[in-house]
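If you count by the UniProt record's numbering, then the sequence shown holds residues 1 to 655, one letter each, in order.
For reference, the structure is listed below as structure tokens.
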Amino acid sequence: MDNCGPFRNVSDLLSQFSEVNVSDENVATLSEEVSVLTSNTDDIVSDDISSIATIISNIGQFTQTNYSEKVTASIVAIVSNIAQVNSTQLESASDSVSKVVSVFEKRIKSIPVEAGGNFTIQQPNIAVQVKSVSTNAILKGLVLSLTGDRSDLTNSDTSIQTSKGDHAEATQPNNIAVVNIPSAISFALPSISRGSSNSGGYVRVIFSVFSSPALFISKSLKNTSEGTNRSANTPVISLSIGNETIANLTEPINFTFTPIETGLPNPSCSYWDVGFRGWSQEGCHLISASGIRSPDDDNCGPPSNEKEEIVCGCNHLTNFAVLMDTSREDGPSEQAYEVLTYIGCCISIVSLLVTLATYISNRVLRGKQTNQIFICLCLTLLCLYVSFIVMMSLDSAKRQCHVKAGPCGFITALVHFFVLSSITWMGVEGYNTYLIIVKIFDTYIPQFMVKAGAVAWGIPAMIVIITGAIAQDKYAHEDLCFLQLWAQIGGLLIPMTIIILFNVVIFALVVRQLMKSSNVAGRVKREAKVERRESIERVQNAICILLLLGLTWITGYFLMIREFSQVIEPIFIVLNSFQGLFIFLLYCVRKPMVRKQWGLTCLAARVRRQDVTTSSSGTHSSKNTSSSAATDVVLVSMSKIPEEKNIEVSIHVKL
Numbered sequence: 001m002d003n004c005g006p007f008r009n010v011s012d013l014l015s016q017f018s019e020v021n022v023s024d025e026n027v028a029t030l031s032e033e034v035s036v037l038t039s040n041t042d043d044i045v046s047d048d049i050s051s052i053a054t055i056i057s058n059i060g061q062f063t064q065t066n067y068s069e070k071v072t073a074s075i076v077a078i079v080s081n082i083a084q085v086n087s088t089q090l091e092s093a094s095d096s097v098s099k100v101v102s103v104f105e106k107r108i109k110s111i112p113v114e115a116g117g118n119f120t121i122q123q124p125n126i127a128v129q130v131k132s133v134s135t136n137a138i139l140k141g142l143v144l145s146l147t148g149d150r151s152d153l154t155n156s157d158t159s160i161q162t163s164k165g166d167h168a169e170a171t172q173p174n175n176i177a178v179v180n181i182p183s184a185i186s187f188a189l190p191s192i193s194r195g196s197s198n199s200g201g202y203v204r205v206i207f208s209v210f211s212s213p214a215l216f217i218s219k220s221l222k223n224t225s226e227g228t229n230r231s232a233n234t235p236v237i238s239l240s241i242g243n244e245t246i247a248n249l250t251e252p253i254n255f256t257f258t259p260i261e262t263g264l265p266n267p268s269c270s271y272w273d274v275g276f277r278g279w280s281q282e283g284c285h286l287i288s289a290s291g292i293r294s295p296d297d298d299n300c301g302p303p304s305n306e307k308e309e310i311v312c313g314c315n316h317l318t319n320f321a322v323l324m325d326t327s328r329e330d331g332p333s334e335q336a337y338e339v340l341t342y343i344g345c346c347i348s349i350v351s352l353l354v355t356l357a358t359y360i361s362n363r364v365l366r367g368k369q370t371n372q373i374f375i376c377l378c379l380t381l382l383c384l385y386v387s388f389i390v391m392m393s394l395d396s397a398k399r400q401c402h403v404k405a406g407p408c409g410f411i412t413a414l415v416h417f418f419v420l421s422s423i424t425w426m427g428v429e430g431y432n433t434y435l436i437i438v439k440i441f442d443t444y445i446p447q448f449m450v451k452a453g454a455v456a457w458g459i460p461a462m463i464v465i466i467t468g469a470i471a472q473d474k475y476a477h478e479d480l481c482f483l484q485l486w487a488q489i490g491g492l493l494i495p496m497t498i499i500i501l502f503n504v505v506i507f508a509l510v511v512r513q514l515m516k517s518s519n520v521a522g523r524v525k526r527e528a529k530v531e532r533r534e535s536i537e538r539v540q541n542a543i544c545i546l547l548l549l550g551l552t553w554i555t556g557y558f559l560m561i562r563e564f565s566q567v568i569e570p571i572f573i574v575l576n577s578f579q580g581l582f583i584f585l586l587y588c589v590r591k592p593m594v595r596k597q598w599g600l601t602c603l604a605a606r607v608r609r610q611d612v613t614t615s616s617s618g619t620h621s622s623k624n625t626s627s628s629a630a631t632d633v634v635l636v637s638m639s640k641i642p643e644e645k646n647i648e649v650s651i652h653v654k655l
């Protein structure tokens, strides 16, 4: 395989090598040349990984003794090189990467090792030791350890030895990975019989460590990580003993991991399911997590200076790692969004309080059915904003602590309920708007508000209870205090979608009716000023309906599309966190009747202050009486002003 002729890049050479018929004569040379080609990982793309998978698959068919160790060393070097390829390229060629790992594992198992001997090889990203261990040693238990620098395993120290029973190996400061195999594993090995003549035999133990989980690409974890960024955050330990399939052990094998990135919470012990091509927690459980906050921690202070170590117990053998929440630290944009959300929610709370005080204090405003629906909607939104701020405050120390299941589940249920209830009240308002603007005739419904309250508060409560009962421990994230993925889809997104679709239809019918009334009114000659005013009112009505029917929530669905999330997120935050302010502006500031009520209230307060001052001097008692009477007359007259008409009111108070 002389590289004579015109220059060819890595891709061309790998493609050519993938078509070579591997033989006894060229297998060693071919594997060595491929290991050299792949050493420059910057030149490797996804198509090259496919070629590499084909090459080492062909090479893996040869196990002749003369070439075994040399070829194996080259294959390990190739796999180590691939582990350093850009993650995007690896994800694009995930099937080929899985094939490479499979060939690597088969090759390691075929290495010939004499009784009591061992074969060890270290590459920058992989360390392997194959050792023939006596059955007597297995009956005492084994300790497998890898110490050194995880960033380069070339000079690491791999050890397989008999357990001393004190677990001292697991506490070494430079440990990368440690495995404690109990003596009870002998019951799972048919080749070992306690007290028999076979106890003097040997069993092959294969211990491999990948410095990172780069070659174990889980598409399912990436797509359905239950609302958080979760991925493997430890070296991957691969372990096999003999040629047996070991599962359902009565005493688990303990694995000690050192996290790659420190300061991350929520560890879950996992193994690589080859058939599923993803991480699974079946048969594995967390034993301890030193230096890492557990779900039961109440302290939300800074992370501990204690060395982070995670100990897992598993009842079977394969490839193991630990999944953790690997969300990046909040950047400037995330921090700005959080501040914007707090500001928007606080402004909305104040705006809703003023709006509620305005509508409830006025007999005419609170007496209309439309305004009663509006008051209920504002109350629900007010409770939603308060609950949401509490939820955000519980999550103020992100990734550093967990909230207890009780308080977290309770606040999640409150937010869940008030979101659904606010959307449902928007639906009630939409239906009421339809009755007023579109249907017009035969619109009376006995005890409408009682029935509306039963629907707008009862149905959301039922959904929350049913979702919590079905999801149980998968209802809320304890580190985020919000719905987990499937609870979010079934208990929130689907009901919201149904109500929003209903509101969209109602909105279309209302706008259509407004346009019809506009066309009819346009055929009558009127002054240009009147026409302009009516056009503005129609636009304002449309905006009010759009806001109340909750179409702004549609933007939230686009957040689930990764390509749109960066653009949609600030829009979603503004539209929803400032919704209370928008309601205040549209339903208080914009309405002439409300503005006049504010003016009269302020005027009455000023008159009363003047009355108090005058009364204290004892000089104008008769005028005070007339002033108070005049103010009361004005307020009573104001209550009779119809909302629909823009009537100018002149107030003259003689002092």
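Each residue gets a CB set at the ideal place from its N, CA and C atoms; glycine is no exception.
query = Can we say the segment 383-393 touches the segment 403-420, given the rule of at least three CB pairs closer than 8 angstroms?
reply = yes
Take F448 as the anchor and find which of M515, I489 and T370 has the nearest alpha-carbon. Here residue 448 corresponds to residue number 448 of the sequence shown, with the count starting at 1. The shortest C-alpha to C-alpha distance from F448 to any of M515, I489 and T370 is the one to T370.
### Message
For a test of the three-state rule: what should DSSP assign to H620, helix, strand or coil?
### Response
Here residue 620 corresponds to residue number 620 of the sequence shown, with the count starting at 1. Low confidence applies here, because H620 scores a pLDDT of 45, under 50, leaving its location unreliable; read the following figure in that light. Note: H620 maps to coil in three-state DSSP.
Taking all protein chains shown into account, decide if C376 is buried (16 or more other Cβ within 10 angstroms of its Cβ) or exposed.
-> What you label residue 376 is simply residue 376 of the sequence shown in a count that begins at 1. When all chains shown are included, C376 counts as buried.
Review point. Nearest to G242 by CA position, among V205, P213 and G275, is which residue?
Key: Working through the sequence shown from its first residue, we reach residue 242 at position 242. Closest by alpha carbon: V205.
- Nearest-angstrom Cβ-Cβ length linking F210 and I160, presumed shorter than 8 angstroms: Here residue 210 is taken as the residue at index 210 of the sequence shown, counted from 1. Here residue 160 is taken as the residue at index 160 of the sequence shown, counted from 1. Not really, about 17 angstroms apart at Cβ, beyond 8 angstroms.
request  = Please classify R150: is it buried, with 16 or more other beta-carbons within 10 angstroms of its beta-carbon, or exposed?
outcome  = Numbered from 1 along the sequence shown, position 150 holds the residue referred to as residue 150. Answer is buried; the Cβ neighbour count reaches 16.
S218 versus S11 - alpha carbon distance
The residue you call residue 218 lines up with position 218 of the sequence shown. The residue you call residue 11 lines up with position 11 of the sequence shown. Looking at the two C-alpha atoms, the distance is approximately 26 angstroms.
I believe V71 touches A115 by the beta-carbon criterion, under 8 angstroms. Please report the beta-carbon distance rounded to the nearest angstrom. Indexing the sequence shown from 1 puts residue 71 at position 71. Indexing the sequence shown from 1 puts residue 115 at position 115. The pair is not a contact, with the Cβ atoms about 23 angstroms apart (cut-off 8 angstroms).
If I measure Cβ to Cβ from I437 and keep anything under 6 angstroms in the same chain, skipping five residues before and after, which residues do I get? As a working mapping, residue 437 is identified with position 437 in the sequence shown. Contacts found: V510 and Q513.
Checklist entry - For L249, which of helix, strand or coil comes out of DSSP? => result To locate residue 249, count along the sequence shown from 1; it is residue 249. If DSSP states are grouped into helix, strand and coil, L249 belongs with coil.
| task | Identify, in the order they occur along the chain, each residue of the same chain with its Cβ nearer than 6 angstroms to the Cβ of T262, setting aside the five sequence neighbours on each side. | result | For the purposes of this step, residue 262 is identified with residue 262 of the sequence shown, where counting begins at 1. Excluding sequence neighbours, T262 sits near E308.
DSSP state of F207, grouped into three classes?
Reading the sequence shown from its first residue, position 207 is the one you call residue 207. DSSP places F207 in strand when its eight states are reduced to three.
Look up W425 in the DSSP assignment and give the residues it is bridged to.
Here residue 425 corresponds to residue number 425 of the sequence shown, with the count starting at 1. Answer by DSSP bridge pairing: none, since W425 is not bridged.
Can you name, in chain order, every residue of its own chain whose Cβ lies under 6 angstroms from the Cβ of S18, other than the five neighbours on each side? The sequence position of residue 18 within the sequence shown is 18, counting from 1. The answer, listed in chain order, is S51, T54 and I55.
Using alpha carbons as the reference points, say which of F410, N576, A454 and Y359 lies closest to W598.
Taking the sequence shown and counting its residues from 1, the one referred to as residue 598 is at position 598. Per the Cα distances, Y359.
request  = Classify D149 as helix, strand or coil using the three-state DSSP reduction.
outcome  = Within the sequence shown, the letter at position 149 stands for residue 149. Reduced to three states, the DSSP call for D149 is coil.
> Using 8 angstroms as the limit for Cβ to Cβ distance, is I411 near chain B?
Replying inline: This model lacks chain B altogether, as it is built from one protein chain only.
The segment 111-126 in contact with the segment 76-83 per 3-pair CB rule at 8 angstroms: Segments in contact, yes.
Tell me, to the nearest whole angstrom, how far the beta carbon of I185 is from that of I138; I am working on the premise that it is less than 8 angstroms.
Along the sequence shown, one-based indexing puts residue 185 at 185. Along the sequence shown, one-based indexing puts residue 138 at 138. The Cβ separation is near 7 angstroms, so the contact holds.
Worksheet item: Is the segment 460-468 touching the segment 416-432 in the sense that three or more CB pairs, one from each, lie closer than 8 angstroms?
Response: The way I'd put it, the segment 416-432 does touch the segment 460-468; three or more beta-carbon pairs between them come closer than 8 angstroms.
| request: Have a look at V143, L189 and N175 and flag the residue whose alpha-carbon is nearest the alpha-carbon of T135. | output: If you number the sequence shown from 1, residue 135 lands on position 135. Closest by alpha carbon: L189.
Evaluate D95 with the Cβ neighbour count: other Cβ atoms within 10 Å of its Cβ, from every protein chain shown; 16 or more gives buried, anything less gives exposed.
Looking up residue 95 in the sequence shown gives position 95. Classification of D95: exposed, given that the 10 Å Cβ count is below 16.
Over what stretch of residues does the beta strand (DSSP E) that includes Y271 continue unbroken? Residue mapping note: residue 271 aligns to position 271 of the sequence shown, counting from 1. Note, Y271: beta strand (DSSP E), S268 to D273.
Where the alpha helix (DSSP H) containing T54 begins and where it ends:
Numbered from its first residue, the sequence shown carries residue 54 at position 54. Under the DSSP assignment, T54 falls in the alpha helix (DSSP H) whose first and last residues are S46 to I59.
**Item:** alpha helix (DSSP H) runs contained entirely in the segment 65-127, provided each spans 4 or more residues
**Value:** 65-82, 87-92 and 94-109
Tell me which residues share the same chain as A336 and place their Cβ nearer than 7 angstroms to its Cβ, disregarding the 5 neighbours each side in the sequence.
Here residue 336 refers to the residue found at position 336 of the sequence shown. None.
What residues match up with R230 in a beta bridge as DSSP calls it?
-> Reading the sequence shown from its first residue, position 230 is the one you call residue 230. Note: R230 sits in a beta bridge opposite D325.
Practice task
Please name the residue, chosen from G283, I176 and L483, that lies closest to V236 on a Cα-to-Cα basis.
Solution key: Here residue 236 is taken as the residue at index 236 of the sequence shown, counted from 1. The shortest C-alpha separation from V236 is found at I176.
- prompt: What are the boundary residues of the alpha helix (DSSP H) that includes S393?
  reply: Here the question's residue 393 lines up with position 393 in the sequence shown. It spans Q369 to L394 - the alpha helix (DSSP H) in which S393 sits, taken as one unbroken run.
(request) Leaving out five residues on either side along the sequence, give the residues of the same chain with a beta carbon under 6 angstroms from the beta carbon of V85. (result) Stepping through the sequence shown from its first residue, residue 85 is reached at position 85. The answer, listed in chain order, is T41 and I44.
query = Looking at the unbroken beta strand (DSSP E) that takes in D157, where does it start and where does it end?
reply = Numbered from 1 along the sequence shown, position 157 holds the residue referred to as residue 157. Looking at the DSSP string, the run of the beta strand (DSSP E) that includes D157 is D157 to T162.
DSSP three-state assignment for E244, whether helix, strand or coil: Within the sequence shown, numbered from 1, the residue matching residue 244 stands at position 244. Three-state DSSP puts E244 in coil, outside helix and strand.
**Study point:** Distance, P259 Cα to C312 Cα
**Key:** As a first step, residue 312 is located in the sequence shown; it is residue number 312 there, counting from the start. As a first step, residue 259 is located in the sequence shown; it is residue number 259 there, counting from the start. Looking at the two C-alpha atoms, the distance is approximately 13 angstroms.
Rounded C-alpha distance that separates T38 from V128:
Within the sequence shown, numbered from 1, the residue matching residue 38 stands at position 38. Within the sequence shown, numbered from 1, the residue matching residue 128 stands at position 128. Whole-angstrom Cα-Cα distance: 20 angstroms.
| said: Could you compute how far the alpha carbon of I343 sits from the alpha carbon of T88? | reply: Your numbering for residue 343 matches position 343 in the sequence shown. Your numbering for residue 88 matches position 88 in the sequence shown. Approximately 38 angstroms between the Cα atoms of the pair.
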